[in-house]
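J.:
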Amino acid sequence: MARLRWLCWADVVPTAVLYGSLSLFISILHNVFLLYYVDTFVSVYKIDKVSFWVGETVFLIWNSLNDPLFGWLSDRSFLSSHDSGAQISSPEVVLKRLRSLSRNGPLFALSFLAFWVAWAPPALQFLACLCLYDGFLTAVDLSHNALLADLAVSAGDRARLNFHGSLFSALGSLSVFLSHCFWDKEDFFSFRLFCVTLAAVSALGFAVASGLLRRRFRGEARQRHDEAAALRELCVGKAPLAQDQNVTLGQYLRQLSRHRNFLWFVSMNLVQVFHCHFNSNFFPLFLEHLLSDRISASTGSFLLGISYIAPHVNNLYFLTLCQRYGVYHVVRWLFVLKLTLSALMLLGGADQVYLLCVFIASNRVFTEGTCKLLNLVVTDLVDEDLVLNRRQQAASALLFGMVALVTKPGQTFAPLVGTWLLCVYTGYDIFERDPVQDAVAVRPESGTPAAIEVTLRQGCFYLLVLVPITCALLQLLAWSRFTLHGRRLQSVKALRQDSRHGRPPDIKAV
Numbered sequence: 069m070a071r072l073r074w075l076c077w078a079d080v081v082p083t084a085v086l087y088g089s090l091s092l093f094i095s096i097l098h099n100v101f102l103l104y105y106v107d108t109f110v111s112v113y114k115i116d117k118v119s120f121w122v123g124e125t126v127f128l129i130w131n132s133l134n135d136p137l138f139g140w141l142s143d144r145s146f147l148s149s150h151d152s153g154a155q156i157s158s159p160e161v162v163l164k165r166l167r168s169l170s171r172n173g174p175l176f177a178l179s180f181l182a183f184w185v186a187w188a189p190p191a192l193q194f195l196a197c198l199c200l201y202d203g204f205l206t207a208v209d210l211s212h213n214a215l216l217a218d219l220a221v222s223a224g225d226r227a228r229l230n231f232h233g234s235l236f237s238a239l240g241s242l243s244v245f246l247s248h249c250f251w252d253k254e255d256f257f258s259f260r261l262f263c264v265t266l267a268a269v270s271a272l273g274f275a276v277a278s279g280l281l282r283r284r285f286r287g288e289a290r291q292r293h294d295e296a297a298a299l300r301e302l303c304v305g306k307a308p309l310a311q312d313q314n315v316t317l318g319q320y321l322r323q324l325s326r327h328r329n330f331l332w333f334v335s336m337n338l339v340q341v342f343h344c345h346f347n348s349n350f351f352p353l354f355l356e357h358l359l360s361d362r363i364s365a366s367t368g369s370f371l372l373g374i375s376y377i378a379p380h381v382n383n384l385y386f387l388t389l390c391q392r393y394g395v396y397h398v399v400r401w402l403f404v405l406k407l408t409l410s411a412l413m414l415l416g417g418a419d420q421v422y423l424l425c426v427f428i429a430s431n432r433v434f435t436e437g438t439c440k441l442l443n444l445v446v447t448d449l450v451d452e453d454l455v456l457n458r459r460q461q462a463a464s465a466l467l468f469g470m471v472a473l474v475t476k477p478g479q480t481f482a483p484l485v486g487t488w489l490l491c492v493y494t495g496y497d498i499f500e501r502d503p504v505q506d507a508v509a510v511r512p513e514s515g516t517p518a519a520i521e522v523t524l525r526q527g528c529f530y531l532l533v534l535v536p537i538t539c540a541l542l543q544l545l546a547w548s549r550f551t552l553h554g555r556r557l558q559s560v561k562a563l564r565q566d567s568r569h570g571r572p573p574d575i576k577a578v
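Okay, so the sequence shown: first residue is 69 according to the working numbering, each after it adds one.
(1) Indicate the three-state DSSP secondary structure (helix, strand or coil) for Arg362 in the structure shown.
(2) Would Asp361 count as contacting chain B if we go by Cβ distances under 7 Å?
(3) When DSSP labels each residue in this structure, what does Arg171 get in the three-state scheme?
(4) By Cβ distance below 6 Å, which residues in the same chain neighbour Phe428 in space, the five residues on each side in sequence not counted?
(5) Go through its chain and collect everything with a Cβ distance to Leu338's Cβ below 8 Å, but skip five positions before and after it.
(6) Considering only C-alpha positions, which residue in the set Thr367, Ala84, Leu449, Val185 is nearest to Asp580?
(7) For Val208, I'd like the list of residues in its chain whose CB is within less than 7 Å of its CB, leaving aside the five on either flank, ordered along the chain.
(8) I'd like to know whether the C-beta atoms of Gln461 and Val221 end up nearer to each other than 7 Å.
(9) On the criterion of 16 or more Cβ atoms from any shown chain inside 10 Å, does Gly37 qualify as buried, or is it exposed?
(10) Report all residues from its chain with a CB closer than 7 Å to the CB of Thr438; omit the five preceding and five following residues, and keep chain order.
(11) Cutting at 8 Å between CB atoms, please list the residues of its own chain near Phe101, excluding the five before and the five after it.
(12) Considering Cα atoms alone, identify which of Leu133, Leu242, Ser410 is closest to Cys199.
(13) Rounded to the nearest angstrom, what separates Phe236 and Gly88 at their Cα positions?
(14) With DSSP run on the structure shown, which of helix, strand or coil describes Ala275?
(15) For Arg226 and Phe194, what's the separation of their Cα atoms in angstroms?
(16) Whole angstroms is fine: what's the gap from Leu423's alpha carbon to Phe250's?
(17) Which whole-angstrom value describes the C-beta separation of Leu239 and Leu92, a residue pair presumed to lie in contact below a C-beta threshold of 8 Å?
(18) Using 8 Å for Cβ pairs, my map puts Val533 next to Met413. What's the rounded Cβ distance?
(19) Rounding to the nearest angstrom, what Cα-Cα distance links Asp361 and Asn349 in this structure?
(20) When the Cα atoms are used, what is the spatial distance from Gln391 to Asn383?
(21) To the nearest angstrom, how far is the alpha carbon of Leu542 from that of Leu331?
(22) Roughly how far, in whole angstroms, is the beta-carbon of Lys114 from the beta-carbon of Pro189, given that I think they are within contact range, below 8 Å?
(23) Going residue by residue through the segment 526-573, where are the continuous alpha helix (DSSP H) segments of at least 4 residues, counting only ones entirely within it?
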């Protein structure tokens with residue numbers, strides 16, 4: 069009886085809620101990882117500078133390659149044309165994604181725990197933990213993002229799925245606030261228990277949510293399979309279906325190289341990923357050197373916490389704008405807003421404390437909000453790729469992986485470029501135990517530590533405002549060349565919808 073009540077309740081939960089809950093189980097771990105993994109290895113495990121940069125370099129290579137690798141392994145069977153052999157139904161594709169999530173989700177939670185216990189020399193553990201964690205995170209992210217394109221076609225339905233994803237991601241960001249209660253470099257035991265609790269919640273959540281979704285789509289997949297079997301029986305004695313002509317990786321890359329909207333999008337998104345991670349990496353530094361002597365510690369903690377939660381909450385409003393005006397126009401407005409705010413901050417100067425607080429927080433909020441909207445653009449590119457290349461099924465995970473291949477280097481370039489610019493301009497090296505004294509030694513002409521502090525403040529301010537201005541100008545240039553919006557997007561959506569009902573897409577209509 070209890071099992072019957074559970075199954076009845078499970079059928080009532082909307083698919084969008086179950087899909088969104090998967091974002092919760094990712095974000096409660098990933099936000100804590102982003103905030104503490106560098107501090108843990110630098111301050112607690114005492115990793116040396118060379119080992120840190122070697123680990124980050126290897127991580128850059130692995131981080132860029134694993135997305136297309138996992139996407140190719142997942143979706144290569146979908147790349148053949150619409151005319152080449154037996155069709156794979158959409159419910160079967162969804163079930164494949166969900167099986168991947170139910171398997172890799174708990175393993176992702178387990179890999180998260182490997183950071184917080186010293187089980188090897190710091191250099192080896194740093195490299196192993198980063199690669200292991202990012203591998204499982206990639207597998208989970210690809211399947212989750214691909215579901216956004218596979219569960220729905222219309223812009224409204226996808227915006228609704230994304231809305232629930234943002235809502236649950238905002239809830240997951242609360243783990244950042246809770247983590248401050250347990251974080252102590254001198255006594256790591258409480259923080260480790262906190263991380264074990266988070267990992268257990270995440271692993272259980274992945275198992276339950278993916279299991280409920282699999283149960284929901286299993287019946288539909290079985291019905292489609294029976295219909296296909298009946299159709300094959302009716303075709304007995306007729307001309308056989310064409311044999312599958314699998315697309316090779318080289319052919320797929322050539323197809324992408326001719327996909328102009330894809331090329332303009334990844335050019336814009338590379339700059340966006342760079343800017344997002346630049347804000348994340350240097351947010352504490354900006355607070356320390358621009359505001360620490362002018363605001364209280366509690367205000368600084370509030371700005372840090374709100375910068376993690378506000379993008380998700382703000383994204384709920386952005387998604388309503390997307391449903392009304394379209395993703396393309398909302399993203400363009402956000403680029404213009406970023407450029408305008410940065411120019412105003414540059415004119416206002418570094419002495420405007422309240423303006424600095426608002427700008428530092430809003431810069432991160434709007435930049436992160438833009439990043440979260442771009443998954444909707446990738447799903448539109450999935451539709452266009454299916455139509456242009458007449459695929460039998462959308463290769464959504466593979467396209468997300470190819471986007472990541474081009475854009476993820478921005479994650480590593482952000483701290484490298486930022487620390488290099490800061491060091492060149494001020495002599496400040498974040499890896500030194502006393503970086504201000506080190507800056508005096510590097511640049512004795514700058515004078516006393518107090519003078520270096522003033523120079524460092526100027527350097528941080530110009531980094532804060534000039535990086536967004538440069539990024540916004542480059543992005544507006546690339547985004548103006550992107551044409552997948554308006555009537556073209558409507559035509560692609562209509563043809564994708566036809567393909568789901570068994571009618572091959574007509575490329576001439578696009």
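Just so you know, even glycine gets a beta-carbon here, dropped at the ideal spot from N, CA and C.
T.: By the coordinates alone:
(1) Three-state DSSP puts Arg362 in coil, outside helix and strand.
(2) This model lacks chain B altogether, as it is built from one protein chain only.
(3) Three-state DSSP puts Arg171 in a helix.
(4) Correcting the residue identity first, residue 428 is Ile in this sequence and not Phe. A distance below 6 Å between beta-carbons, with the five flanking residues on each side excluded, links Ile428 to the following residues of its chain, in chain order: Phe354.
(5) Answer for Leu338: Val474, Thr475, Pro477, Gly478, listed in chain order.
(6) Absent from the model: residue 580. The displayed extent of the chain is 69 to 578, so no value can be given.
(7) Result list for Val208: Ile94, Leu169, Asn172, Gly173, Phe176, in chain order.
(8) No, these two residues do not count as a Cβ contact at 7 Å.
(9) Outside the displayed span of the chain (69 to 578) sits residue 37, for which this structure offers no information.
(10) Contacts found: Gln340, Val399, Leu402.
(11) Phe180, Phe183, Tyr201.
(12) When each option's Cα is compared against that of Cys199, the closest is Leu133.
(13) Answer to the nearest angstrom: the Cα atoms are 6 Å apart.
(14) If DSSP states are grouped into helix, strand and coil, Ala275 belongs with the helices.
(15) Using only the alpha carbons, I get a separation of about 37 Å.
(16) Across the structure, Leu423 and Phe250 are spaced so that their CA atoms are roughly 32 Å apart.
(17) Between Leu239 and Leu92 the beta-carbon gap is near 6 Å, inside 8 Å, which marks them as a contact.
(18) About 5 Å separates the two Cβ atoms, so the contact holds.
(19) Cα-Cα distance, rounded: 21 Å.
(20) Here the alpha carbons of Asn383 and Gln391 stand approximately 12 Å from one another.
(21) Taking the straight line joining both Cα atoms gives about 14 Å.
(22) Contact flag wrong, Cβ pair sits at about 11 Å.
(23) Listed in chain order, they are 555-568.
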